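A short worksheet on the structure shown next.
Numbering (our numbering), first residue to last: 824 to 1431.
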């Protein structure tokens, strides 16, 4: 993201020393009243490259918010719904569609709560929270243990004379409580990382050569999922991709005249509908065509024939079986159980999710027109994700929560980065968690339509990661080696360990689970190698891109102080500024690192 020219000036002391700091800056209320600052909206006017229609602090009309929310909901739906469907078999649900529906309702409710918490009190970025695939690997590893393998239902029922239905439910409930306890305790590690600022401390040593492969691998690692869904019918998937490109790029400058009522009169305005709702229009267009092909029986009726999953009538039973209303509540499956092996295995999923989320914060800030998140916002975001995982464990969603990369990509395509839209999205998911029939309708979206959308979204995420290399000297063989090795290793190692899981055999079951999850997480492997090599191989700050990144991303200038006000906590910020101890708390907007605190203590005292 190219910042305004007024923002790239370096700060100078009276002796002329230039400071280009990596640490976060003060919020605007700590600056002198005589300083003239550049607002976030003014900065966007000087950024034709970003071309946002609604920036992070803007409030679109409510009727537009509803349409934007549906687009985010559709993007997140596939990821959210996939988690309970994947868990159905190892959890031993069997053919119990009622339990599946309740689990789907629970994960939607929790995702909505966590989205509201994250956008209001966490990073305050327009970032959606939902089920995480980072927790699936340790979950499946736990459920694959001998004591948690599914028993023979017929044998169980034969040996049971009383309370047959209770015992059948207890089979999956005991497994659910085991996963709940593992997520609950493991999430405390993430909470400590956020509240103590340890995540922010790591970021002081993190540069573009670490962030770039991490974010890039978020998109690249999902190519298998996109390929599987698109491969269900490549023609439908290609049509979906073509429609999204048509609306988002070729027709982006075409404005549709609309009649609106404003200021007590009717008038005609031209609105960029294609640019704003490109993903929604692309998916709905493909969905409609699939419906017509289904209605006229153009698509095959035989489930074994290629293209059958493109039909819109194969999941209608999900709508019929879904309850009209279902209110998930904490402890609905019983009291969570805690096992050391399960907790240790789940902790690796927590670390992987944390690494992924830090990269998502930077990507979301870039695409929403916000300045890169300061340390206190990152710390608070990680802590809020931990609270979200704890809530998910208490409610019993069978999973945790994390930031959704595909919804971040939607910000870049639709040019709508408003925080309010995601808060509306949180409310919608809470509503859908209570009203099961409405959410079940979207299950009828054909699989290849979702696959085509994934190809566009995941490609956008990979491109956002690559864009961080604009600060790096790409003529340096050092940088090319680090970038190439870290990215390639992030693809090779997880793929190999997925194919050869038996190679990890230390004799300690808990350690095997930890190593398996670590080496099968793409963004962890790539980010780890990028971090270690960039900080150990000799190179100048200019060569590594650290200098340019600090000047344009993490500099401590007067202008960026105003811009970072979008990360301030609502309602309580002016009261917290009066507390001197707030400058030492890592997750508060007043937090200042040691170097910054020493140089600005006199300024802070004067402002008070």
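In this text, a Cβ means the ideal position worked out from N, Cα and C, and glycines have one as well. Being a predicted model, the structure only gives us computed values, none of them experimental.
Are residue i and residue j close, meaning C-beta to C-beta below 8 Å?
i, j, result
"residue 1281", "residue 1049", "yes"
"residue 1159", "residue 954", "no"
"residue 1191", "residue 1208", "no"
"residue 1301", "residue 1362", "yes"
"residue 883", "residue 1244", "yes"
"residue 1010", "residue 1216", "yes"
"residue 1041", "residue 1305", "no"
"residue 1196", "residue 1407", "no"
"residue 1184", "residue 946", "yes"
"residue 1030", "residue 1264", "no"
"residue 1346", "residue 1033", "no"
"residue 930", "residue 892", "no"
"residue 1312", "residue 1356", "no"
"residue 1218", "residue 932", "yes"
"residue 965", "residue 1223", "no"
"residue 1241", "residue 897", "no"
"residue 1258", "residue 1148", "yes"
"residue 1396", "residue 1035", "no"
"residue 1125", "residue 1131", "yes"
To the nearest angstrom, how far is it from the Cα of residue i to the Cα of residue j?
i, j, result
"residue 1214", "residue 995", "20 Å"
"residue 1056", "residue 926", "29 Å"
"residue 1211", "residue 1201", "15 Å"
"residue 1273", "residue 1068", "15 Å"
"residue 1051", "residue 1198", "38 Å"
"residue 1380", "residue 999", "Only weak support is given to the placement of residue 1380: the predicted model assigns it a pLDDT of 36, under 50, and the question is left unresolved by the model."
"residue 1182", "residue 1354", "13 Å"
"residue 913", "residue 1103", "33 Å"
"residue 1260", "residue 1096", "29 Å"
"residue 1039", "residue 1288", "4 Å"
"residue 1256", "residue 1365", "50 Å"
"residue 862", "residue 1151", "Interpretation of residue 862 is limited by its pLDDT of 36, a score under 50 that renders its predicted location unreliable; no figure is taken from the coordinates."
"residue 1318", "residue 956", "16 Å"
"residue 1129", "residue 1123", "8 Å"
"residue 1269", "residue 1119", "16 Å"
"residue 1043", "residue 1315", "12 Å"
"residue 864", "residue 1394", "A caution first: residue 864 carries a pLDDT of 40, below 50, which makes its placement in the model unreliable, though a value can still be read off. Their Cα atoms are separated by approximately 21 Å."
"residue 890", "residue 974", "46 Å"
"residue 1332", "residue 1225", "27 Å"
"residue 1203", "residue 1293", "28 Å"
"residue 1020", "residue 1351", "19 Å"
"residue 1058", "residue 903", "25 Å"
"residue 1235", "residue 1228", "11 Å"
"residue 851", "residue 1186", "Residue placement at residue 851 is poorly supported in this model, since its pLDDT is 33, which falls under 50; the coordinates still yield a value, given next. So the alpha carbons of these two residues sit roughly 24 Å apart."
"residue 1075", "residue 1101", "9 Å"
"residue 886", "residue 1154", "36 Å"
Looking only at its chain, what residues have a beta carbon closer than 7 Å to the beta carbon of residue i, apart from the 5 residues adjacent to it on each side?
i, result
"residue 940", "1207, 1210 and 1211"
"residue 1411", "1199, 1399 and 1405"
"residue 1063", "1105, 1106, 1109, 1272, 1275 and 1276"
"residue 1082", "1089 and 1091"
"residue 963", "913"
"residue 1008", "1161 and 1166"
"residue 992", "none"
By Cβ distance, which residues of its chain are closer than 8 Å to residue i, with the 5 residues on each side in sequence left out?
i, result
"residue 1329", "1335 and 1338"
"residue 1327", "1320, 1335, 1338, 1339 and 1342"
"residue 895", "951, 1230, 1233, 1244, 1245 and 1248"
"residue 1177", "1013, 1016, 1022, 1205 and 1208"
"residue 1114", "1135"
"residue 1046", "1281"
For residue i, which residues of its own chain have a beta-carbon under 6 Å away from its beta-carbon, when the five flanking residues on both sides are left out?
i, result
"residue 922", "916"
"residue 910", "1221"
"residue 935", "1249, 1252 and 1253"
"residue 1299", "1366"
"residue 1116", "1122"
"residue 1093", "1078 and 1080"
"residue 937", "952, 1211 and 1224"
"residue 943", "none"
"residue 1133", "1056, 1059, 1113, 1122, 1269 and 1271"
Curious, which full-length alpha helix (DSSP H) runs of at least 4 residues does the region 1099 to 1187 contain?
1101 to 1118 and 1139 to 1144
Uninterrupted alpha helix (DSSP H) stretches inside the region 1057 to 1083 (no shorter than 4 residues)
1057 to 1068
Runs of beta strand (DSSP E) lying entirely within the region 1246 to 1291, each at least 3 residues, in chain order
none
Ordered list of alpha helix (DSSP H) runs contained in the region 993 to 1027, each at least 4 residues:
1021 to 1026
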